[in-house]
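Each residue of the sequence shown is one higher than the one before, counting from 1 in full-length UniProt numbering.
Beta carbons are placed, not taken as given, at the ideal position from N, Cα and C, and that holds for glycine.
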Amino acid sequence: MSLATHQAVAHSFGAGVEDHAVFLTAPEVLDSSLCREFWEAAQQVRDSEMTIIIDLSRTRAIHESGYTLLWMLKDSLTKAPADLLLMGGHSNLKKMLQLRGFESHFKLLMKGESEFHPTAHTAAPPHP
C-alpha cells in the first residue's frame, strides 16, 4: 500500500494568510517501502514554509526501517518540530516514538489528544 499525499490549504485565522501542508497517510505498518513517497514529500516542502503532517491513525506498527525513514525525512529538512507533525496514532505508538527521541524533532499529537483539530486547519476561517 502506498502513501497518499495531497496538498491542503489552511488559513491563518489572524492574518488571513494561506499556509500549506503536505498530508501523508501511513498504512497499517510503516516501513521503508514508503521511501519514495517520503522523499517526494521532502522535495515538495524543502525551502518552503510548508508543514508535513503524517497521519498515523491507521498505523498499528512501525518497523525499524520506518523509524529510519522518519529520521531521514527530518534530517533532509530544516524544519522546526511544529512543522513536522505525527498525528492520530495510538498511545503505544507515541510511547515508542518518545522512547526513540522523536518528541524533540516532531510534534506528536495522538488519538485522544485535543490540541490538534484537522478541520480547524483545513477549513476556511469562520465568518463573523
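### Query
What residue ranges within the segment 41-111 form continuous beta strand (DSSP E) runs of no fewer than 3 residues, ordered along the chain?
51-55, 84-87, 107-109
### Message
Let me make sure I understand the geometry here. Which of 102, 100, 39, 93 has the alpha-carbon closest to that of residue 110?
### Response
Numbered from 1 along the sequence shown, position 110 holds the residue referred to as residue 110. Nearest option by C-alpha distance: 93.
### Query
Exposed or buried, what is residue 61 when buried is set at 16 or more other beta-carbons lying within 10 Å of its beta-carbon?
Numbered from its first residue, the sequence shown carries residue 61 at position 61. With fewer than 16 Cβ atoms within 10 Å of its Cβ, residue 61 is classed as exposed.
### Query
How about residue 77 and residue 45: do their beta carbons lie closer than 9 angstroms?
Counted from its first residue, the sequence shown places residue 77 at position 77. Counted from its first residue, the sequence shown places residue 45 at position 45. Yes; because the gap between Cβ atoms is below 9 angstroms, this pair is in contact.
### Message
Is the beta carbon of residue 41 closer than 9 angstroms to that of residue 70?
### Response
Position 70 of the sequence shown holds residue 70. Position 41 of the sequence shown holds residue 41. It is not a contact, given that the beta carbons lie outside the stated cut-off.
### Task
Can you say whether residue 83 is buried or exposed, counting buried as having 16 or more other CB atoms within 10 angstroms of its CB?
In the sequence shown, the residue the question calls residue 83 occupies position 83. Residue 83 sits buried, since 16 or more C-beta atoms from the chains shown fall within 10 Å of its C-beta.
### Query
Which value, in whole angstroms, describes the spacing of the CA atoms of residue 103 and residue 96?
Translated into the one-based positions of the sequence shown, residue 103 becomes position 103. Translated into the one-based positions of the sequence shown, residue 96 becomes position 96. Approximately 10 angstroms, taken between the alpha carbons.
#### Entry: Contacts around residue 66, its chain only, beta-carbon distance under 6 angstroms, and the 5 residues preceding and following it disregarded
Counted from its first residue, the sequence shown places residue 66 at position 66. Around residue 66: 30, 31.
### Query
Buried or exposed: residue 101, going by 16 or more other Cβ atoms within 10 Å of its Cβ?
Position 101 of the sequence shown, counting from 1, holds the residue named residue 101. By the neighbour-count criterion, in which 16 or more other beta carbons inside 10 Å mark a residue as buried, residue 101 falls on the exposed side.
### C-alpha distance - residue 105 paired with residue 33, whole-angstrom precision
Taking the first residue of the sequence shown as position 1, residue 105 is located at position 105. Taking the first residue of the sequence shown as position 1, residue 33 is located at position 33. The alpha-carbon atoms of residue 105 and residue 33 are separated by roughly 22 angstroms.
### Query
Within 10 angstroms of its Cβ, does residue 88 collect 16 or more other Cβ (buried), or is it exposed?
What you label residue 88 is simply residue 88 of the sequence shown in a count that begins at 1. Residue 88 is buried by the Cβ-count criterion.
### Task
Give the C-beta separation of residue 81 and residue 58 to the nearest angstrom, bearing in mind that I take them to be a contact with Cβ-Cβ under 8 angstroms.
Translated into positions along the sequence shown, residue 81 becomes position 81. Translated into positions along the sequence shown, residue 58 becomes position 58. Going by Cβ atoms, the distance from residue 81 to residue 58 rounds to 23 angstroms, so no, they are not a contact pair.
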